[in-house]
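Following: one structure in structure tokens, then a few remarks.
In mature numbering (1 follows the signal peptide of the UniProt record, and there is no 0), the protein residues as written are -23 to -1, 1 to 302.
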């Protein structure tokens, strides 16, 4: 299987973000600005001329539940960024830099400052057991780093699931959880924002054949998905959404993994298996193409017009406590 799956996840990060004071304001804004990117329609089915742009014909740009499936060329980046800047949302980014993964943090942060929601308020919540090694990075206006000290773990699986037990107390409108062993390469803007945004796994984005997806197929696991069910296969290395919705996702995945542990079973792809089960029955309000998380291990496919962020090449035996994929 391709690299990165068992390592993927961010969302395993342990968080509970306090209820946000601007949730009503945010909900009202998004409701009044709901649209299918590039299709030029809002919820009342009235055309939004500002979003007129060429629709891609080489890829699907809408899901079967009518959520946008975002690719380069299916949205106007200037228009959508300007729409969201009107309310100046607060965005939290959670990354885990435990053990030797701290070595990836500098490149992650520096590249994020160049490309990730530039011009928006962003707080990076860095979970680490090496606080003294957190690099000093030049940050843009309205952007900051918050370091959360956590214990070390003997197994990388413990690092992944252990993150769910920790608490961030603060305020934000949106939360992204991203693998730290990634680097941004191109613009990653407000088109990624929604109530709950999932990212297509690069290994399976070209298929909608359920039998092709590496879902958990053992009924004993809480991540079990029957062979006749499924929409897409999502990566667990990147996800985002409203604070409350991301908390529900994380809480679900953590509780389900704990139930599996009680039954002496671990889902085939750990947190990623539980995430795919959650998204099957709680549809994402926006699906981001594999442009929003590629891998340096893989050749870039023709339909991938731009790689916005990518997993870096690494020696897993050196960076993970117990090695392995």
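No residue lacks a Cβ here, since even glycine has one placed at the ideal position from N, Cα and C. All of these numbers come straight from a predicted model, not from anything done at the bench.
Who are the near neighbours of residue i in its chain, counting only those whose CB is closer than 6 Å to its CB and skipping five residues on each side?
i, result
"residue 35", "280"
"residue 88", "160, 161"
Could you spell out where the beta strand (DSSP E) holding residue i opens and where it closes?
i, result
"residue 73", "67 to 73"
"residue 97", "It is not in any beta strand (DSSP E) - residue 97 carries neither H nor E in the DSSP assignment."
"residue 151", "151 to 155"
"residue 62", "Where residue 62 is concerned, there is no enclosing beta strand (DSSP E), although the alpha helix (DSSP H) it sits in stretches over 54 to 62."
"residue 286", "286 to 288"
"residue 111", "No beta strand (DSSP E) holds residue 111; DSSP gives it neither H nor E."
"residue 161", "159 to 161"
"residue 263", "263 to 265"
"residue 120", "120 to 126"
"residue 184", "Run containing residue 184: none; DSSP gives neither H nor E here."
"residue 176", "173 to 177"
Considering just the uninterrupted stretch of the alpha helix (DSSP H) at residue i, what are its terminal residues?
i, result
"residue 250", "248 to 258"
"residue 234", "220 to 239"
Once the 5 residues before and after residue i are set aside, which same chain residues still bring their CB inside 7 Å of it?
i, result
"residue 91", "161"
"residue 119", "98"
"residue 291", "158"
Nearest to residue i by CA position, among the options, is which residue?
i, options, result
"residue 263", "250, 212, 129, 217", "217"
"residue 266", "40, 42, 272, 48", "48"
"residue 112", "184, 178, 74, 269", "74"
"residue 253", "148, 70, 121, 226", "226"
"residue 248", "62, 211, 282, 259", "211"
"residue 197", "205, 206, 121, 240", "240"
"residue 306", "85, 117, 205", "Nothing can be reported for residue 306, as the shown portion of the chain is limited to -23 through 302."
Between residue i and residue j, which are expected to be in contact by the criterion C-beta below 8 Å, what is the C-beta distance as a whole number of angstroms?
i, j, result
"residue 129", "residue 158", "Rounded, the Cβ-Cβ distance is 17 Å, inconsistent with contact."
"residue 200", "residue 244", "4 Å"
"residue 287", "residue 272", "6 Å"
"residue 166", "residue 54", "5 Å"
"residue 177", "residue 209", "6 Å"
"residue 102", "residue 125", "6 Å"
"residue 188", "residue 202", "Contact doesn't hold; Cβ gap of about 11 Å is too wide."
Skipping 5 residues on each side, what residues in its chain have a beta carbon closer than 8 Å to that of residue i?
i, result
"residue -22", "Here the model assigns residue -22 a pLDDT of 38, short of 50, so the residue's position is not dependable, and the following value carries that caveat. The answer, listed in chain order, is 179, 180, 272, 274, 275."
"residue 185", "208, 209"
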